[in-house]
Amino acid sequence: MIVIEQAKAIALKPKHPNQILQTIPTARMLKYDGVELVVTPHKLDEVKVLRNLGFEVPSPILHYYDWTGRFTPYEHQRMTSAFLTMHRRALVLNEIGTGKTQSALWASDYLMQIGKVKKVLIISPLSTLERVWGDSIFMNFPNRTSVTLHGTSARRKKLLKTQADFYIINHDGFNIISDEAVDMFDLIIVDESAVLRNPSTNRFRTLRKFMDKHPETRLWLMTGTPTPNDPTDAWALAKLVDSPYCTKTYTAFKEAVMMKIGQWKWIPRPESIATVKHILYPAVRYTRDECFDLPDTVYQTRKIDLTPEQKKHYAIMLKHFVTELEQEGTITAVNEAVKLQKLVQISCGVVYGDDGRHIELDCSPRVKVVKEIIEQVGNKVIVFVPLTGTLNMLEKELSKDWNVAVVNGEVSSSKRNDIFHNFQNEKNPHILIAHPATMAHGLTLTAASTIVWYGPVTSNEQYIQANGRIERIGKKHVSNIIHIESTDLEYRMYERLKNKQKLQGLLLDLIQQETR
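Right under this line is the structure:
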């Protein structure tokens, strides 16, 4: 097989030329150097037919697409995009931190260019609507427009009428607009689609009903952890992409991958992993370790809204700082660090009263995002929390679902050593929640490859040293650093920490911005 890029054609030397000539009307016989070849246009439809006939022909995106944007695609991203262009319904099971978002957007953009897709609906977690999907579209696809469908039910439906290429909504929000979205989208992308794993939920039922009504609509499901709890989690995903190997009913699949022990208990069958791999079709998967050209460390951001209670306290605190500045005329570096920390405290959900007591604020969206990340990663995770009061609150929440260990200034040296040893060498603890100041130089915690920053610190040294716990010689995986933020201040703090810049002047900039 030869790809003739100048002519956008494929030349083949098949054993049975008529098989192609009778199936593809645009195919022609051509004699070259005394050799008879079959030549077909190198287009999406022709490639699909050739693949069905058993020929390994590359997707046209690999030869004719410009790969727009600020980044040069990694090889696994190119292959993931190519895979998506060739499948109307498909699963992307690449691990977290491998750039699934950009791969899906490149594939979408290509399909738009060739006229196969006009409008795309992206369904994703609330924390990734703007900071991940919205930003990726804005920064890499200057000729494309997007709108985020967020807010009240009426506002979402109104925004749905906006003319755009990409429409972005959270998982539960799709139920609100599904009736209004009839015949509107040519492609639906579901990010972190493991949330659809329970076929009895409204999330699954709404999407399945929608897809049944729109069989021509493309559907790409993306998750790095398709079976976070049990092998049965795979059934709903396979059903949505119309896997030919999926059982007709959930019950039949459960009996195939699980066996009953006693009256109530079910455990996975020994062959369950192979069965799951078989039904999750068509699918592509790359682990971070297979992506040799990835950078050593991948940074991600999850953005969530403050709760009404947090917004109230944040506004009061900021107003207080504005008044202080007007009266004193300046802010010292020491005072600025203290004031920054107070604003971060509010974002993290725990503030300190004048008497030293911890006062908890509703911060359920931030806690929910931490849980989502842990579930998406699947492996061990380190969560850095810069505030002791917040750390205790988070331990209480995460301990409901995982085995958790905590390291802060109150934990003795000997107990810390036990925790670090077990985290590095044993199955449990699965989650390590730590104050970054307790992460000593030289400490190795490469059992985890993902660090979640629940909130930013005010110390460059603490940030660098804490991240360095998984950046060790002999580490087995690409490191994944995830920043959680709710405010512009937190975003700026993370950017300066990441770029090893001082935080001095941040608060003054923020106050000046607020008073303009």
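Plus 80 on top of the position in the sequence shown (first one is 1) and you've got the working numbering. For every residue, glycine included, the Cβ atom is placed at its ideal position computed from N, Cα and C.
Roughly how many angstroms separate the alpha carbons of Ile82 and Leu117, rounded to a whole number? 10 Å
For Asp266 and Lys198, believed in contact at Cβ under 8 Å, the rounded distance: About 5 Å separates the beta carbons of Lys198 and Asp266, which is inside the 8 Å limit, making them a contact pair.
Backbone secondary structure at Val461 - three-state DSSP: In the structure shown, Val461 sits in a strand (DSSP, three-state: E or B).
Rounded to whole angstroms, how far is the Cβ of Pro466 from the Cβ of Pro516, which I believe are closer than 8 Å? 6 Å
Using a beta-carbon distance below 8 Å, is Lys198 in contact with chain C? You won't find chain C in this structure, because it holds only one protein chain.
Taking only the alpha-carbon atoms, compute the straight-line gap between Ala332 and Glu506 and give it to the nearest angstrom. A straight-line Cα-Cα distance of about 36 Å links Ala332 and Glu506.
First and last residue of the uninterrupted beta strand (DSSP E) at Ile203: 200-204
Between which two residues does the alpha helix (DSSP H) containing Asn547 stretch? 540-547
Do the segment 243-257 and the segment 223-230 meet, that is, are 3 or more Cβ pairs less than 8 Å apart? yes
Taking Arg572 as part of the alpha helix (DSSP H), name the residues at either end of that continuous run. Its alpha helix (DSSP H) spans residues 568-578.
Could you say which of Asn488, Thr106, Glu565, Leu164 lies nearest to Ile141 if we only look at CA atoms? Distances from the CA of Ile141 to each of Asn488, Thr106, Glu565, Leu164 were compared; the closest alpha carbon is that of Leu164.
List, from N- to C-terminal side, the alpha helix (DSSP H) runs of 4 residues or more that fit wholly inside the segment 427-507. 444-457, 468-478, 493-505
Could you pull the DSSP bridge partners for Phe246 from this structure? Val200, Ser226
According to DSSP, residues forming a beta bridge with Glu116: Lys111
Collapsed DSSP secondary structure at Tyr379 in the structure displayed: strand
Please state if the CB of Ile269 and the CB of Ile257 are separated by a distance shorter than 8 Å. no
Do Thr178 and Tyr394 come within 8 Å of each other at the CB atom, strictly closer than that value? no
For Val461, which of Ser559, Leu191, Trp344 has the nearest alpha-carbon? When each option's Cα is compared against that of Val461, the closest is Ser559.
I believe Ala260 touches Lys237 by the beta-carbon criterion, under 8 Å. Please report the beta-carbon distance rounded to the nearest angstrom. Note that residue 260 is Glu in the sequence shown, not Ala. Right, their Cβ atoms sit about 6 Å apart.
Length of the line joining the Cα atoms of Leu185 and Val356: 27 Å
How long is the line joining the alpha carbons of Thr242 and Arg224, rounded to whole angstroms? 13 Å
Between which two residues does the alpha helix (DSSP H) carrying Lys289 extend? 282-293
Give the DSSP-derived three-state secondary structure of Met264 in the structure shown. coil
Going by alpha carbons, who is nearest to Trp533 out of Val463, Leu588, Glu490? Val463
Given a cut-off of 8 Å on the beta-carbon distance, is the pair Leu276 and Leu317 in contact? Yes, the Cβ-Cβ distance between Leu276 and Leu317 is below 8 Å.
Just the C-alpha distance for Val119 and Gly149, rounded to the nearest angstrom, thanks. 33 Å
Could you give the C-beta distance for His122 and Ala89, rounded to a whole number, given that I count them as a contact under 8 Å? 5 Å
Going by C-alpha to C-alpha distance, which of Leu239, Ala527, Gln584, Gly134 sits closest to Asn415? Gln584
Quick one, which of Ile550, Thr538, Ile564 has its alpha-carbon nearest Lys580's? Thr538
Rounded to a whole number of angstroms, what is the C-alpha to C-alpha distance between Lys111 and Pro138? Cα to Cα, Lys111 sits roughly 23 Å from Pro138.
Hey, quick one: how far does the beta strand (DSSP E) through Leu171 stretch, first residue to last? 169-172
For the alpha helix (DSSP H) that contains Leu320, what are its first and last residues? Counted as a single uninterrupted DSSP element, the alpha helix (DSSP H) harbouring Leu320 occupies residues 314-320.
Hey, could you find the ends of the alpha helix (DSSP H) Leu191 is sitting in? 180-193
Can you tell me whether Gly489 is buried or exposed? The criterion is at least 16 other CB atoms within 10 Å of its CB, across all chains shown. Exposed: under 16 other Cβ atoms inside 10 Å.
Simplified DSSP state of Asp59, which is helix, strand or coil: Since the displayed the chain opens at 81 and closes at 596, residue 59 lies outside it and no answer follows.
Might you give, ordered along the chain, the residues of its own chain that have their beta carbon closer than 6 Å to the beta carbon of Tyr330, omitting 5 neighbours on each side? If we look at Tyr330 and ignore the five residues flanking it on each side, its Cβ neighbours are Pro279, Trp315.
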